[in-house]
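Visitor:
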Amino acid sequence: MPKKTLSYLRERALALGAKKAKIITAATIKTAAWVRYKCQFGCSGFGMCLTCPPYAPGPKETGEIIAGYKKAILIHTPNGWKADISVIVSKLEREAFLAGYYKALGMGAGPCRLCRECNIKTGCRHAERARPSMEACGIDVFSTVRANGLPIETLASSRCQAHYYGVVLVE
């Protein structure tokens, strides 16, 4: 069976609930060591979830992983949009895998919300759906998003409209 096209997968991301989905060159996904520090020294969830630091892959490992891909699908949902970005990423990764992209690998946004409390000692209860966030893996989301012409800005308060991004690496 021939692979589905990347355009087909982009359309599937939209059908799954993304507002925007863009096929990008994987080399435009940038990692930086400082990003993990923002998680460690800025997020109250640090160390409380297997999809977050210190458990998620670091920027060096993530950069090595990204180097093994040529393309990716960058997925966008604004705050209050109809779907959770991490759910879309997980579903699209699965669809890409079944469509012949056996290396498909996804990363969402923010901490995992599949369980009330993460089972750190015995492992993830939802490994088939849980995905680390881009930022947890050391991806500079701002640089990556801006390099690909999509909107993102710093927020003055939690009442401001946020933009959430996820990515599915495909090969």
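Going by the working numbering, the sequence shown opens with residue 947, and the numbers climb by one from there. Ideal placement from N, C-alpha and C gives every residue a C-beta, glycine not left out.
Give me the Cα-Cα distance between Pro-1024 and Thr-1068, rounded to the nearest whole angstrom.
Guide: Position 78 of the sequence shown, counting from 1, holds the residue named residue 1024. Position 122 of the sequence shown, counting from 1, holds the residue named residue 1068. For Pro-1024 and Thr-1068, the distance between alpha carbons rounds to 34 Å.
Visitor: Would the region 976–984 count as touching the region 1052–1064 if we require 3 or more Cβ pairs under 8 Å?
Guide: Verdict: no, contact absent.
Visitor: Ile-1085 and Ala-1018: beta carbons closer than 7 Å?
Guide: Within the sequence shown, residue 1085 is the residue found at index 139, counting from 1. Within the sequence shown, residue 1018 is the residue found at index 72, counting from 1. Contact: no.
Visitor: Return yes when the Cβ of Lys-1016 is within less than 7 Å of the Cβ of Ala-972, no when it is not.
Guide: Here residue 972 refers to the residue found at position 26 when the sequence shown is read from its first residue. Here residue 1016 refers to the residue found at position 70 when the sequence shown is read from its first residue. It is a contact, given that the beta carbons lie within the stated cut-off.
Visitor: What first and last residue would you give for the beta strand (DSSP E) that runs through Thr-971?
Guide: By one-based count along the sequence shown, residue 971 stands at place 25. 966–971 is the span of the beta strand (DSSP E), which, as asked, contains Thr-971.
Visitor: Can you give me the C-alpha to C-alpha distance between Thr-974 and Arg-1062, rounded to a whole angstrom?
Guide: To locate residue 974, count along the sequence shown from 1; it is residue 28. To locate residue 1062, count along the sequence shown from 1; it is residue 116. Thr-974 and Arg-1062: Cα-Cα distance of roughly 34 Å.
Visitor: Along the chain, where does the beta strand (DSSP E) containing Gly-1009 start, and where does it finish?
Guide: Here residue 1009 is taken as the residue at index 63 of the sequence shown, counted from 1. Element bounds for Gly-1009: not the beta strand (DSSP E) but the alpha helix (DSSP H), 1005–1012.
Visitor: With DSSP collapsed to three states, give me the class of Ala-1018.
Guide: Position 72 of the sequence shown, counted from the first residue, corresponds to residue 1018. Three-state result, Ala-1018: strand.
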